[in-house]
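> Protein chains in written order, with numbering that gives the first Met the number 0: chain A, 0 to 189; chain B, 0 to 189.
2 protein chains.
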Amino acid sequence: MSLRRSDTRHRVVLATAQMLAQHGLNATSIRTIAQRAQSPLGSTYHHFPEGKQQVVTEAVTWAGAQVSEHLAQQLQAGAGAGLRDFLALWRETLLRADFHAGCPVLAVAVQEPLDEAGTQALDAAAQVFTQWQAQLAGALQAQGVAPEQAAGLATLIVAATEGAIALCRAERSIAAFDRTAAQLRQLLPS
Amino acid sequence: MSLRRSDTRHRVVLATAQMLAQHGLNATSIRTIAQRAQSPLGSTYHHFPEGKQQVVTEAVTWAGAQVSEHLAQQLQAGAGAGLRDFLALWRETLLRADFHAGCPVLAVAVQEPLDEAGTQALDAAAQVFTQWQAQLAGALQAQGVAPEQAAGLATLIVAATEGAIALCRAERSIAAFDRTAAQLRQLLPS
Numbered sequence: 000m001s002l003r004r005s006d007t008r009h010r011v012v013l014a015t016a017q018m019l020a021q022h023g024l025n026a027t028s029i030r031t032i033a034q035r036a037q038s039p040l041g042s043t044y045h046h047f048p049e050g051k052q053q054v055v056t057e058a059v060t061w062a063g064a065q066v067s068e069h070l071a072q073q074l075q076a077g078a079g080a081g082l083r084d085f086l087a088l089w090r091e092t093l094l095r096a097d098f099h100a101g102c103p104v105l106a107v108a109v110q111e112p113l114d115e116a117g118t119q120a121l122d123a124a125a126q127v128f129t130q131w132q133a134q135l136a137g138a139l140q141a142q143g144v145a146p147e148q149a150a151g152l153a154t155l156i157v158a159a160t161e162g163a164i165a166l167c168r169a170e171r172s173i174a175a176f177d178r179t180a181a182q183l184r185q186l187l188p189s
Numbered sequence: 000m001s002l003r004r005s006d007t008r009h010r011v012v013l014a015t016a017q018m019l020a021q022h023g024l025n026a027t028s029i030r031t032i033a034q035r036a037q038s039p040l041g042s043t044y045h046h047f048p049e050g051k052q053q054v055v056t057e058a059v060t061w062a063g064a065q066v067s068e069h070l071a072q073q074l075q076a077g078a079g080a081g082l083r084d085f086l087a088l089w090r091e092t093l094l095r096a097d098f099h100a101g102c103p104v105l106a107v108a109v110q111e112p113l114d115e116a117g118t119q120a121l122d123a124a125a126q127v128f129t130q131w132q133a134q135l136a137g138a139l140q141a142q143g144v145a146p147e148q149a150a151g152l153a154t155l156i157v158a159a160t161e162g163a164i165a166l167c168r169a170e171r172s173i174a175a176f177d178r179t180a181a182q183l184r185q186l187l188p189s
């Protein structure tokens, strides 16, 4: 695959993640993705022959991996550093979009598709959430938190962060995110 | 307004809340709402002359009020009883829908409309989230929690519950909700 073709493919994945984060799953079509990525429709289908379900699945997996890589790096300095990074990343996303976009994984999770029966995108969303939780829980356990409590705390962190993104978008304010983040920080072992 | 006309109106609001909870904002149109509510399109527009934005706004407000009324009753027995009821209500919603539907307020919060510029529905979502948080924070304060901590804890509860709904829908399992709920219960004053 030439660099040029690979660039197009990545541009389509990125445009899809952005559309999901802003407008959600059922407002995202191959046509609007291609427009946003400035990729001809034929070329878009060439890269993603299975259509929307395929590109959405890849966008969710890609977005999840971006966060996951960040998290893996920061967690080397402990669960607290990982949490700070995870929170900072989503806070910055909200502020940069002026609350008009949030998390593409959340978008896929809360909308049953109208048009397609496939569950690949939803499965990809589940895998992303599971991965983030596993990374956080692993770091907490490494700091002496018991496995069940570490798993619970990791789930609370991911759930509360995703929920806070929704609250902030509705309120067009970062206040709910900051209150949530302060609470989560209190819960971590020092 | 006759009882019959009022019934139609309520059926449309209910169908809208259900569609939002399952398919999200951008998959919900006046036409699909009317079909689901078994209300003729003309009659639906008669009740909601401003169209989709009006009926979505009313559905979000209605759904928020249902939860709010429950919460107000249960909070009379303390913050713990209120939290238990809030969690039980969403847990039941997820299980009843077999994870194919969640929260209509969350759905509106995370999807920028493609077609309409109005922000009434988003404002309604913000009001609902604010109302739930205020009720929980009030009960926590009444039990001696300092105002800032009560506000933070109330936001964490709402954010984590909404986020857990998304995690469970992706994973088609109640496990993440139960882990989140157990963590939240640990945080309340006994």
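Backbone N, C-alpha and C define an ideal beta-carbon position, used for all residues, glycine too.
Taking 7 Å as the threshold (beta carbon to beta carbon), is residue 133 of chain B in contact with chain A?
For residue 133 of chain B, the answer is no, since every Cβ of chain A falls outside 7 Å of its Cβ.
> Would residue 163 of chain A pass as an interface residue toward chain B - the criterion being a Cβ-Cβ separation below 7 Å?
With 7 Å as the cut-off, residue 163 of chain A counts as an interface residue toward chain B.
> With H, G and I counted as helix, E and B as strand and the rest as coil, what does DSSP make of residue 104 of chain B?
Three-state result, residue 104 of chain B: helix.
> Which bits of chain A does residue 13 of chain B rub up against, with CB to CB less than 7 Å?
Neighbours of residue 13 of chain B on chain A: none; closest Cβ ~18 Å, over 7 Å.
> Between which residues of its own chain and residue 110 of chain A is the CB-CB distance below 8 Å, once the five residues before and five after are set aside?
Only 23, 24 and 25 meet the Cβ criterion.
> How many angstroms separate the CA atom of residue 16 of chain B from the CA atom of residue 66 of chain B?
If I take the Cα positions, the gap works out to 13 Å.
> For residue 2 of chain B, decide whether its Cβ has a neighbour in chain A, counting only Cβ atoms nearer than 7 Å.
In this prediction, residue 2 of chain B has a pLDDT of 46, which is less than 50 and means its spatial position is unreliable; what the coordinates show is noted afterwards. So no, residue 2 of chain B is outside the interface.
> Just to confirm the assignment, what range does the alpha helix (DSSP H) spanning residue 67 of chain A have?
Residue 67 of chain A -> alpha helix (DSSP H) spans 51-74.
> Below 8 Å on the Cβ atoms is my guess for residue 159 of chain A versus residue 162 of chain B; work out the distance and round it to an integer in Å.
Their Cβ separation, rounded to whole angstroms, is 6 Å, which keeps residue 159 of chain A and residue 162 of chain B in contact under 8 Å.
> Whose C-beta lies closer than 7 Å to the C-beta of residue 1 of chain B among residues of the same chain, with five residues either side of it excluded?
Bear in mind that the predicted position of residue 1 of chain B carries a pLDDT of just 43, short of 50, making it too unreliable to give a figure here.
> DSSP three-state label for residue 45 of chain B, please.
Correct three-state label for residue 45 of chain B: helix.
> By the 8 Å beta-carbon criterion, what residues does the region 150-162 of chain B contribute toward chain A?
The residues in question are 150, 151, 152, 154, 155, 157, 158, 159, 160, 161 and 162.
> To the nearest angstrom, report how far apart residue 29 of chain B and residue 151 of chain B are at their CA atoms.
Near 38 Å, if we compare the C-alpha coordinates of residue 151 of chain B and residue 29 of chain B.
> Less than 7 Å between CB atoms is the rule here; does residue 137 of chain B satisfy it with respect to chain A?
No, no contact with chain A.
> For residue 16 of chain B and chain A, any beta-carbon pair shorter than 7 Å?
No - not a single Cβ of chain A is within 7 Å of the one on residue 16 of chain B.
> Would you please state the rounded distance, in angstroms, between the beta carbons of residue 104 of chain B and residue 63 of chain B? I believe it to be under 8 Å.
Correct: roughly 6 Å between the Cβ atoms.
> Does any CB atom of chain B fall closer than 7 Å to the CB of residue 57 of chain A?
Output row for residue 57 of chain A: interface = no.
> For residue 139 of chain A and residue 95 of chain A, I'd like the C-alpha separation in whole angstroms.
So the alpha carbons of these two residues sit roughly 30 Å apart.
> Excluding the 5 residues preceding and the 5 following residue 60 of chain A in the sequence, name in chain order all residues of the same chain whose CB lies nearer than 6 Å to its CB.
123, listed in sequence order.
> Distance, Cα to Cα, residue 11 of chain B vs residue 126 of chain B?
C-alpha separation (whole angstroms): 21 Å.
> What are the boundary residues of the alpha helix (DSSP H) that residue 118 of chain B is part of?
That residue, residue 118 of chain B, is in no alpha helix (DSSP H); it is neither H nor E in DSSP.
> Does the CB of residue 71 of chain A have a neighbour CB from chain B at under 7 Å?
No, residue 71 of chain A lies away from the interface with chain B (no Cβ there is under 7 Å from its Cβ).
> Just how far apart, CA to CA, sit residue 187 of chain B and residue 36 of chain B?
The alpha-carbon atoms of residue 187 of chain B and residue 36 of chain B are separated by roughly 41 Å.
> Would you mind sorting residue 8 of chain B into buried or exposed? The rule is 16 or more other CB atoms within 10 Å of its CB.
Residue 8 of chain B comes out buried.
> What's the call for residue 75 of chain A, buried or exposed, on a 16-neighbour Cβ count within 10 Å?
Counting Cβ neighbours within 10 Å, residue 75 of chain A comes out exposed, since fewer than 16 surround it.
> Does DSSP put residue 34 of chain B in a helix, in a strand, or in coil?
Note: residue 34 of chain B maps to helix in three-state DSSP.
> For residue 167 of chain B, which residues in the same chain have their Cβ closer than 7 Å to its Cβ, ignoring the five residues on either side in sequence?
Cβ neighbours of residue 167 of chain B beyond the five flanking positions: 93, 98, 173, 175 and 176.
> Do residue 153 of chain B and residue 132 of chain B have their beta-carbon atoms positioned less than 7 Å apart in this structure?
Result yes, Cβ atoms of residue 132 of chain B and residue 153 of chain B sit closer than 7 Å.
> Tell me which same chain residues have a C-beta within less than 8 Å of the C-beta of residue 181 of chain A, skipping the five on either side of it?
Cβ neighbours of residue 181 of chain A beyond the five flanking positions: none.
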